[in-house]
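Residue numbers (this note's numbering): 114 to 184. Built from N, CA and C at the ideal position, the CB exists for glycine as well.
Have a look at this one:
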């Protein structure tokens, strides 16, 4: 659980660190939950920095359907 009570899928780390060493990034059947989590966090961060409400709980809710396309 995170500080705001949202469960991290697959035990994703709280601090992803520097992305300089990431040379490839793709969606595969074995990392779908991690990619979903990363995109949800990035989207929520961007939205809150633009003054919009934090919707991370909605993005991570497994009952809601969000599609990931073209990474």
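Put simply, the backbone Cα of residue 154 is about 7 Å away from that of residue 169. Following the DSSP letters along the chain, one finds residue 161 inside the alpha helix (DSSP H) bounded by residues 145–162. In this structure, the beta-carbon distance from residue 167 to residue 159 does not fall below 8 Å. Here the alpha carbon of residue 143 sits roughly 12 Å from the alpha carbon of residue 149. Under the three-state reduction of DSSP output, residue 182 falls in the coil class, being neither helix nor strand.
Sixteen is the threshold: when 16 or more other Cβ atoms of the shown chains lie within 10 Å of the Cβ of residue 157, as they do, the residue is buried.
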